Every structure is written in C-alpha cells, then in structure tokens.
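S.K.:
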Amino acid sequence: MAEEDPQQQPDRGVSSMPGLLTGLQGAEASALQLRIKNSICKSVQSKVENILQDVERFSDIEKLYLYLKLPSGPSTNIEKSEQSALSSSRTQQMHAFNWIRHHLEEYPETSLPKQEVYDEYKSFCDNLNYHPLSAADFGKMMKNVFPNMKARRLGMRGKSKYP
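Just so we're aligned: 130 in UniProt numbering is position 130 of the sequence shown, and the numbers increase by one with no gaps anywhere.
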C-alpha cells in the first residue's frame, strides 16, 4: 500500500486524535473537523491557527514535548456534570457512527427494517456495556452516515425501513 503524501492529508489535527476517530478517513475526518471548528467562536479559531503556525516550526522532539505538556481531563470552564454529559453523548455518537460505518452498506435496491437495524446496534452496545443512542438519535446518525438514504414506510405505521 502506498503512503500518502503528508501535504495531501486533509487534516493532520483530526487524523492524529487517537481513538476518537477510529474508522474515519479522508472526507469524513475533514467533515468532522469542520463541524468542530464551526462549533467554536472565531477568536478561539484564530488562537488555534496562530498556535498551529508556531508549532509547525517545531522539531519533532519539540512537538512531542508540547504534546506531553498539554493538559488532560475536563476543561476548567465547564462544570463537571456538563462535561460528563457532553463526553458521554459524544462517546455514544462515536460508537454509533463507527458501528454504522463498519456494519452497514448502502445498496439502492435493498431495504432494512429500522427496528431490526436499531436492535442489532443496541445488542452490540449491550455486549460491550456501551450506553446506546436513543432510536431517534440513532436514526439521525444513520442520516449523517448515509445522506442519500431515505426512510420509507412499507406497510403499517411503525414498520418503516431503511431502503
């Protein structure tokens, strides 16, 4: 397998986040980075860009030292209960995102019952002691992963399928 040119990688910062983006590649990682960037204020975005410009001039050992000195744990400006809820929610979303990407494929001529898909995901979470997303939030995540997918009712109410 050929190595990618480092200058062609869409996003060094996001792709280097261990564990958080397992399974994300290329456009997906870039899209996630853009969503994160858009969720923070312009002044913080500017500060981050300035820091990155400075860090780009560091040697590898200096970058490693900076990495080791970065603070860990919850931010001081967010209450612990809020941080825990946010972290839990993000963790649930990432598990759901990864499960969908690794267990489902899009086929135009195929339909799957929504409840069966959700039950499989919920069973996966139960086996690993993960807290699953609600059915509604899981459906939203499905739309994020497969934007061309349309839910349609084939039969009675409550029997919708992912085509």
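Using N, Cα and C, we set each Cβ at its ideal position, and we do this for glycine too.
Note that this is a predicted model, so its numbers are computed, not measured.
1) So arginine 35 is in the alpha helix (DSSP H); what residue range does that whole segment cover?
2) State the Cα-Cα distance for the pair aspartate 126 and aspartate 54, rounded to the nearest angstrom.
3) Ignore the nearest five residues each way along the sequence and tell me which others in valine 145's own chain have a CB closer than 7 Å to its CB.
4) Quick one: what's got a C-beta closer than 6 Å to aspartate 137's C-beta in the same chain, skipping five residues either side?
5) Would you mind giving the Cβ-Cβ distance between methionine 141 and glutamine 93, rounded to the nearest angstrom? I have them listed as a contact below 8 Å.
6) Quick one: grab the DSSP three-state call for arginine 57.
7) If you measure between the beta carbons of proline 132 and lysine 122, is that distance less than 8 Å?
8) Roughly how many angstroms lie between the CA atoms of leucine 64 and valine 44, to the nearest whole one?
9) Assuming histidine 103 and tyrosine 130 are in contact, meaning their beta carbons sit under 8 Å apart, how far apart are those beta carbons, in whole angstroms?
10) Sorted by chain position, which residues of the same chain lie with C-beta nearer than 8 Å to lysine 143's C-beta, five sequence neighbours on each side aside?
M.R.: Taking the coordinates as given:
1) Taking the first residue of the sequence shown as 1, we reach residue 35 at position 35. Its alpha helix (DSSP H) spans residues 27 to 38.
2) Walking along the sequence shown from the start, residue 126 turns up at place 126. Walking along the sequence shown from the start, residue 54 turns up at place 54. Going from the Cα of aspartate 126 to the Cα of aspartate 54 covers about 45 Å.
3) As a working note, residue 145 is residue 145 in the sequence shown. Cβ within range, chain order: Phe97, Ile100, Arg101.
4) Numbered from 1 along the sequence shown, position 137 holds the residue referred to as residue 137. Excluding residues within five positions, none has a Cβ falling inside 6 Å.
5) Against the sequence shown, residue 141 aligns to sequence position 141. Against the sequence shown, residue 93 aligns to sequence position 93. Correct: roughly 7 Å between the Cβ atoms.
6) The residue given as residue 57 occupies position 57 in the sequence shown. If DSSP states are grouped into helix, strand and coil, arginine 57 belongs with coil.
7) Start at 1 with the first residue of the sequence shown, and residue 132 comes out as number 132. Start at 1 with the first residue of the sequence shown, and residue 122 comes out as number 122. Closer than 8 Å, so yes.
8) Counting from 1 along the sequence shown, the entry for residue 64 is found at position 64. Counting from 1 along the sequence shown, the entry for residue 44 is found at position 44. Rounded to whole angstroms, leucine 64 and valine 44 show a C-alpha spacing of 23 Å.
9) As a working note, residue 103 is residue 103 in the sequence shown. As a working note, residue 130 is residue 130 in the sequence shown. That pair is no contact at about 14 Å.
10) Position 143 of the sequence shown holds residue 143. Take lysine 143, set aside five residues on each side of it, and the residues of its chain with a beta-carbon closer than 8 Å to its own are Met149, in chain order.
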